[in-house]
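**Q** Handing you this structure, nothing more for now.
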Ligand code: NAD
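Numbering (the numbering used here), first residue to last: 412 to 889.
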């Protein structure tokens, strides 16, 4: 039975929340008020109602594409299909995209889109009609294009929808040589890039690893240094949550002791087998009753499980004033956008909990989307030109060292020298470098500036500073 939880009144409008976070950072900066206002405000929002014929009935759907900032082009951001999506939510997420891109030096402005629909309730053919019609509506208003605005997957959308979007755009731009760059997150066989599907989860893993690069800061949280053995709890077992859980458990030896979904949660103090849980969910449509685990049919419990690292990877506004007193973790790693409200965040900060903010931690998706977009414009797979050359050089070096040293090099070392970088290796290396550089920038601001209270404010300061520099250089037209 789901427990009844007391709701405490709090502003949960994501647009107001992002505004408040912006204001808190801006107050610590010396930029002119007018410039800060320009950065904060959303440039345009396109709203459209469009029909889709479903079994001889005409149904109407409402959708949005918000363009937050044109200081760099194209604009970039996900497209979510979710029944309760609103214009405010899409505008807030577009703003987060601007700050996220600036933070990780991805040269795009921020955008976001949404259609109010429950993908579970429509047949695939109707989802395809809806996606294609929405794409045409975006096209009509110049809200999509390789140099204008480039959607990507988000909640309720994935590679399949991105392929439909590309094909629709391509149909209306016959012969357009750069058409593939009109959307990212496509299947690899349709111009996608290896590593994009798992990129956001991979970025979450790299971001958490980065936090653990500083043992003294980890000790201050009351944790032993090192990720191995850390108890992890994940809310949301979709694209981001699944991949983050998989990589942290398989590559960093974390114990994922709890996973939550919309219909409940599963727990195993010894650590869940994430790959098996994923296959189970795919087969059964639920994670509940996963063999060997304790199932609880209450989606709220997972957040309140005692752990070392709590990863909300589902929706916004999950840790609020209503449940913050029951949160028992040392680190909240925000894989989702906006999972912690500002007031709840302040309480956690007081309790000494470290919040790794969304605009940093889930930037892996847009980083690899940038690699995909560049690949589409270059019309060549990363690593194709240089891989064989690297391997020949490695071979030459191994032979030379063996001859000079008079003994053979061991198989694992030989393998390192002889392996040229493939596309997936380059993508992961680019992502790891990006996450590491961005974290150090944020951490430096947080440590050096006395009045900066947390990593989120520091992340906003770094991002706003970069957008402000770009806008100052561009000037105000005319
Ligand atoms: P997704 O649709 O693949 O997964 C979301 C999962 O959360 C689903 O499995 C869903 O059933 C589950 N869920 C829904 N309501 C829940 C609830 N009340 N409790 C627990 N689980 C619930 O979406 P995603 O792409 O993994 O996105 C998750 C979050 O990450 C979103 O906030 C999104 O904006 C953010 N994000 C995604 C990407 C990306 O590349 N996909 C990039 C950046 C940020």
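Cβ coordinates follow ideal geometry from the N, Cα and C atoms, glycine included.
Just confirm the distance between the C-beta atoms of residue 843 and residue 658, as a whole number of angstroms; I'd bet it's less than 8 Å.
**A** Here residue 843 refers to the residue found at position 432 when the chain shown is read from its first residue. Here residue 658 refers to the residue found at position 247 when the chain shown is read from its first residue. Actually they are not in contact, since the Cβ atoms of residue 843 and residue 658 sit about 12 Å apart, beyond 8 Å.
**Q** Where in the region 468–536 do unbroken runs of the beta strand (DSSP E), each at least 3 residues long, occur, reported from the N-terminal end onward?
**A** Here the runs fully enclosed are 468–478, 486–492, 520–526.
**Q** Please check the pair residue 589 and residue 557, which I expect to be a contact at CB under 8 Å, by giving their CB distance rounded to whole angstroms.
**A** What you label residue 589 is simply residue 178 of the chain shown in a count that begins at 1. What you label residue 557 is simply residue 146 of the chain shown in a count that begins at 1. The pair is a contact, with the Cβ atoms about 5 Å apart (cut-off 8 Å).
**Q** Identify every residue that forms a DSSP beta bridge with residue 669.
**A** The count along the chain shown starts at 1 and reaches residue 669 at position 258. BP columns for residue 669 point to 644, 678.
**Q** So for residue 659, helix, strand or coil by DSSP?
**A** Here residue 659 corresponds to residue number 248 of the chain shown, with the count starting at 1. It is helical.
**Q** Does the Cβ of residue 784 lie closer than 7 Å to at least one heavy atom of the ligand NAD?
**A** Residue numbering aside, residue 784 sits at position 373 when the chain shown is read from its first letter. Result no, Cβ not under 7 Å from the ligand NAD.
**Q** Is residue 565 near the ligand NAD, with its Cβ less than 7 Å from a heavy atom?
**A** To locate residue 565, count along the chain shown from 1; it is residue 154. Yes; taking the cut-off as 7 Å, the Cβ of residue 565 has a heavy atom of the ligand NAD nearer than that.
**Q** Using three-state DSSP, classify residue 823 as helix, strand or coil.
**A** The sequence position of residue 823 within the chain shown is 412, counting from 1. DSSP places residue 823 in helix when its eight states are reduced to three.
**Q** Distance check for residue 718 and residue 682, CA to CA, integer angstroms please.
**A** Stepping through the chain shown from its first residue, residue 682 is reached at position 271. Stepping through the chain shown from its first residue, residue 718 is reached at position 307. So the two alpha carbons sit approximately 12 Å from each other.
**Q** Going by DSSP, what residues sit across from residue 464 in a beta bridge?
**A** Residue mapping note: residue 464 aligns to position 53 of the chain shown, counting from 1. Residue 464 is bridged to 469.
**Q** Any idea what DSSP makes of residue 458, helix, strand or coil?
**A** Translated into the one-based positions of the chain shown, residue 458 becomes position 47. Looking at residue 458 - three-state DSSP - the assignment turns out to be strand.
**Q** Near residue 701, which residues of its chain fall below 6 Å by C-beta distance, leaving aside the five closest residues on each side in sequence?
**A** As a first step, residue 701 is located in the chain shown; it is residue number 290 there, counting from the start. The answer, listed in chain order, is 677, 688, 691.
**Q** Compute the Euclidean distance between the alpha carbons of residue 505 and residue 479, then round it to the nearest angstrom.
**A** Counting from one through the chain shown, the residue named residue 505 turns up at place 94. Counting from one through the chain shown, the residue named residue 479 turns up at place 68. The straight-line gap from Cα to Cα measures roughly 5 Å.
**Q** Mapping DSSP to helix, strand and coil, what is residue 539?
**A** By 1-based counting over the chain shown, the position of residue 539 is 128. Three-state DSSP puts residue 539 in a helix.
**Q** Can you name the residues that DSSP bridges to residue 723?
**A** On the chain shown, position 312 is the one that residue 723 refers to. According to DSSP, residue 723 bridges with 646.
**Q** Rounded to whole angstroms, what's the CA-CA distance from residue 867 to residue 767? Just pull it up for me.
**A** As a position in the chain shown, residue 867 is number 456, starting the count at 1. As a position in the chain shown, residue 767 is number 356, starting the count at 1. Computed Cα separation, rounded: 7 Å.
**Q** Starting from residue 742, follow its DSSP beta bridges and name the residues at the other end.
**A** Start at 1 with the first residue of the chain shown, and residue 742 comes out as number 331. DSSP output for residue 742 lists 720, 765 as bridge partner(s).
**Q** Short check: CB of residue 708 to CB of residue 674, under 8 Å?
**A** The residue given as residue 708 occupies position 297 in the chain shown. The residue given as residue 674 occupies position 263 in the chain shown. Yes, these two residues count as a Cβ contact at 8 Å.
**Q** Do the CB positions of residue 724 and residue 646 come within less than 8 Å of each other?
**A** In the chain shown, the residue the question calls residue 724 occupies position 313. In the chain shown, the residue the question calls residue 646 occupies position 235. Contact flag set, yes.
**Q** Can you list, in chain order, the stretches of the alpha helix (DSSP H) that have 4 or more residues and sit fully within the region 813–876?
**A** Runs of the alpha helix (DSSP H) inside the region 813–876: 822–829, 834–859.
**Q** Looking only at DSSP bridge pairs, what is residue 730 linked to?
**A** Against the chain shown, residue 730 aligns to sequence position 319. 751.
**Q** May I ask whether a heavy atom of the ligand NAD can be found less than 7 Å away from the beta carbon of residue 748?
**A** One-based indexing of the chain shown puts residue 748 at position 337. Yes, Cβ of residue 748 sits closer than 7 Å to a heavy atom of the ligand NAD.
**Q** Quick one: does the C-beta of residue 841 sit closer than 7 Å to a heavy atom of the ligand NAD?
**A** Mapped onto the chain shown, residue 841 falls at position 430. Not under cutoff, so the answer is no.
**Q** Say yes only if the C-beta of residue 542 is nearer than 7 Å to one or more non-hydrogen atoms of the ligand NAD, and no if none qualify.
**A** As a working note, residue 542 is residue 131 in the chain shown. The answer is no for residue 542.
**Q** Could you tell me the alpha carbon to alpha carbon distance between residue 459 and residue 420, rounded to whole angstroms?
**A** Position 48 of the chain shown, counting from 1, holds the residue named residue 459. Position 9 of the chain shown, counting from 1, holds the residue named residue 420. About 32 Å.
**Q** By the DSSP assignment, the beta strand (DSSP E) with residue 563 in it spans what residues?
**A** As a first step, residue 563 is located in the chain shown; it is residue number 152 there, counting from the start. Per DSSP, residue 563 belongs to the beta strand (DSSP E) from 560–564.
**Q** Tell me which residue opens and which closes the alpha helix (DSSP H) that residue 707 is part of.
**A** As a first step, residue 707 is located in the chain shown; it is residue number 296 there, counting from the start. Segment 705–707 is the beta strand (DSSP E) holding residue 707; no alpha helix (DSSP H) there.
**Q** Once DSSP output is grouped into helix, strand and coil, what is the label at residue 412?
**A** Mapped onto the chain shown, residue 412 falls at position 1. For residue 412, the predicted model reports a pLDDT of 47, less than 50, meaning its position is unreliable; a value from the coordinates is still stated below. Three-state DSSP puts residue 412 in coil, outside helix and strand.
**Q** For residue 801, collect the residues of the same chain with a Cβ closer than 7 Å to its Cβ; drop the 5 residues on either side in sequence, then sort them by chain order.
**A** As a position in the chain shown, residue 801 is number 390, starting the count at 1. These residues qualify, in order along the chain: 831, 832.
**Q** Which residue or residues does DSSP assign as beta-bridge partners of residue 652?
**A** Residue mapping note: residue 652 aligns to position 241 of the chain shown, counting from 1. None, per the DSSP bridge assignment.
**Q** Is the closest heavy atom of the ligand NAD to the C-beta of residue 715 under 7 Å?
**A** If you number the chain shown from 1, residue 715 lands on position 304. Outside the cutoff, so no.
**Q** Measuring from the CB of residue 773, is there a heavy atom of the ligand NAD at a distance below 7 Å?
**A** Here the question's residue 773 lines up with position 362 in the chain shown. Correct: residue 773 has its Cβ closer than 7 Å to the ligand NAD.
**Q** Tell me the rounded alpha-carbon separation between residue 853 and residue 859.
**A** As a working note, residue 853 is residue 442 in the chain shown. As a working note, residue 859 is residue 448 in the chain shown. When rounded, the distance between both Cα atoms is 10 Å.
**Q** Are the beta-carbon atoms of residue 660 and residue 651 separated by less than 8 Å?
**A** Against the chain shown, residue 660 aligns to sequence position 249. Against the chain shown, residue 651 aligns to sequence position 240. No.
**Q** Could you spell out the range, first to last residue, of the alpha helix (DSSP H) harbouring residue 626?
**A** Position 215 of the chain shown, counting from 1, holds the residue named residue 626. Run containing residue 626: 626–631, per the alpha helix (DSSP H) assignment.
**Q** Would residue 381 pass as a contact of residue 546 if the rule is Cβ separation under 8 Å?
**A** Nothing can be reported for residue 381, as the shown portion of the chain is limited to 412 through 889.
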